[in-house]
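Residue numbers (the numbering used here), protein chains in the order written: chain A, 70 to 204; chain B, 59 to 243. Every residue gets a Cβ at the ideal spot worked out from N, C-alpha and C, and that includes glycine. Being a predicted model, the structure only gives us computed values, none of them experimental.
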Amino acid sequence: MDRNRLHNQVASMRRSLFDQLEELQDDTNPNFVQEVVTLFYNDSTRLIQNIEQALNSRPIDFCKLDDYMHQFKGSSSSIGAKKVTNECTAFREYCNAENAEGCIRSFQQVKQEHAILKRKLEVYLQTVRQASQTA
Amino acid sequence: MGMAIDRDDTQFHVLAVDDSLIDRKLIERLLKTSSFQVTAVDSGSKALEFLGLNNNDADDDEEDEQRDSNTESVSSDEDQDHQDLGLGVNLIITDYCMPGMTGYDLLKKIKKSSSFKDIPVVIMSSENIPSRINRCLEDGAEEFFLKPVQLSDVNKLRPHLMKGRSKDIDSSHKTTSTRLITSGN
Numbered sequence: 070m071d072r073n074r075l076h077n078q079v080a081s082m083r084r085s086l087f088d089q090l091e092e093l094q095d096d097t098n099p100n101f102v103q104e105v106v107t108l109f110y111n112d113s114t115r116l117i118q119n120i121e122q123a124l125n126s127r128p129i130d131f132c133k134l135d136d137y138m139h140q141f142k143g144s145s146s147s148i149g150a151k152k153v154t155n156e157c158t159a160f161r162e163y164c165n166a167e168n169a170e171g172c173i174r175s176f177q178q179v180k181q182e183h184a185i186l187k188r189k190l191e192v193y194l195q196t197v198r199q200a201s202q203t204a
Numbered sequence: 059m060g061m062a063i064d065r066d067d068t069q070f071h072v073l074a075v076d077d078s079l080i081d082r083k084l085i086e087r088l089l090k091t092s093s094f095q096v097t098a099v100d101s102g103s104k105a106l107e108f109l110g111l112n113n114n115d116a117d118d119d120e121e122d123e124q125r126d127s128n129t130e131s132v133s134s135d136e137d138q139d140h141q142d143l144g145l146g147v148n149l150i151i152t153d154y155c156m157p158g159m160t161g162y163d164l165l166k167k168i169k170k171s172s173s174f175k176d177i178p179v180v181i182m183s184s185e186n187i188p189s190r191i192n193r194c195l196e197d198g199a200e201e202f203f204l205k206p207v208q209l210s211d212v213n214k215l216r217p218h219l220m221k222g223r224s225k226d227i228d229s230s231h232k233t234t235s236t237r238l239i240t241s242g243n
């Protein structure tokens with residue numbers, strides 16, 4: 070594949086996905102966005118699993134749930150994932166009200182948005198890899 | 059000739075405290091992009107450790123001050139030791155919500171310390187809670203940033219650092235003679 074086209078593709082994906090992070094990447098730190106994305110990808114996957122487990126246990130530990138969700142929401146917000154962050158806000162309201170059903174329902178939304186985001190991140194990381202191979 | 063300030067005068071050193079790895083990476087990058095030197099730690103207790111303050115020291119400062127008023131040169135030596143250990147930290151930026159010691163707890167400990175109470179402290183939080191923000195500002199925080207922190211926020215730090223730097227220069231003139239005798243550099 071044409072090297073320039075790949076590089077341009079990566080750059081424009083980066084801009085549309087993470088316009089804030091884009092500001093922080095430069096020649097001295099060319100892998101910054103990739104590193105953060107990878108970190109987030111792994112971290113958020115782990116937290117989703119923790120939340121799932123916590124929701125499946127009886128009785129539900131709402132304190133722990135809130136703690137996990139606080140971390141998850143924090144990282145999502147930090148990388149600029151607005152849709153995921155919004156679903157997290159809704160979840161935390163149910164959590165504060167100790168509304169188990171509401172949490173479970175809301176979590177489906179969180180998972181859905183997170184899955185969509187993960188897909189975008191996977192494509193981004195793949196494209197970065199391809200671009201570096203043709204460099 | 060080992061004069062008062064042997065650090066690079068133009069670079070400020072920021073100590074960043076956040077339990078989230080992603081946020082630590084981000085704040086570090088934001089600060090470095092703005093030409094700050096950065097040390098990032100993941101807890102309040104690690105921050106105190108880095109400064110050379112144990113949890114005990116922060117509370118014992120009142121006793122130290124009483125003892126030191128009798129021997130002036132000793133007190134400036136101890137201050138210098140603490141500051142050397144803290145490797146010239148010019149500003150502390152900390153997350154509010156951390157397990158164990160919160161950013162607010164850390165702020166209080168720093169403000170109670172005779173060696174570090176003049177270091178500007180900035181607090182960050184992902185939650186916009188006015189009472190929390192007011193409490194931090196009232197108890198000595200210079201600024202309160204809502205996450206995600208932007209480059210424009212980081213640009214607000216410089217005036218606080220410049221203020222601190224000119225204070226450093228003033229106090230270094232006063233203690234220069236003591237340093238020349240004891241530094242031996």
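With 16 or more other CB atoms across the displayed protein chains lying within 10 angstroms of its CB, ASN148 of chain B is buried.
The Cβ of PRO217 of chain B sits no closer than 9 Å to any Cβ of chain A. When secondary structure is reduced to three states using DSSP, THR97 of chain B falls in the strand class. The criterion of a C-beta distance shorter than 9 Å is satisfied by LEU134 of chain A and LEU124 of chain A. Residues of the same chain with a CB within less than 6 Å of the CB of LEU186 of chain A, apart from the 5 flanking positions on each side, are ALA150 and VAL153 in chain order. Classified as buried, LEU93 of chain A has 16 or more neighbouring CB atoms from the shown chains inside 10 Å of its CB. Take the alpha-carbon of GLN195 of chain A and the one of LEU88 of chain B: they are about 26 Å apart. DSSP places ASP136 of chain A within a helical segment (H, G or I) once states are collapsed to three. Leaving aside the five residues that flank VAL197 of chain A on each side, the residues in its chain whose CB is nearer than 8 Å to its CB run, in chain order, VAL79 and GLN103. If the five residues before and after HIS183 of chain A are omitted, its C-beta is found closer than 7 Å to the C-beta atoms of SER113, ILE117 and VAL153, all from its own chain and listed in chain order.
At least one C-beta of chain A is nearer than 9 Å to the C-beta of ILE80 of chain B.
Spatial neighbours of GLU167 of chain A in its own chain (CB-CB distance under 7 Å, excluding positions within 5 residues in sequence) are listed in chain order as PHE131. By the Cβ-count criterion, SER93 of chain B is exposed, with fewer than 16 other Cβ atoms from all chains shown falling within 10 Å of its own Cβ. In this structure, MET182 of chain B and SER101 of chain B do not form a Cβ contact; the two beta carbons are roughly 15 Å apart against a cut-off of 8 Å. For LEU73 of chain B, the enclosing beta strand (DSSP E) covers residues 71–75.
Contact residues of the segment 173–187 of chain B toward chain A are SER184 (C-beta to C-beta distance below 8 Å).
Of the candidates B:LEU164, B:SER171 and B:ILE187, the residue whose Cα lies closest to the Cα of VAL180 of chain B is B:LEU164. Under the 9 Å criterion on CB atoms, LEU111 of chain B is classed as non-interfacial with respect to chain A.
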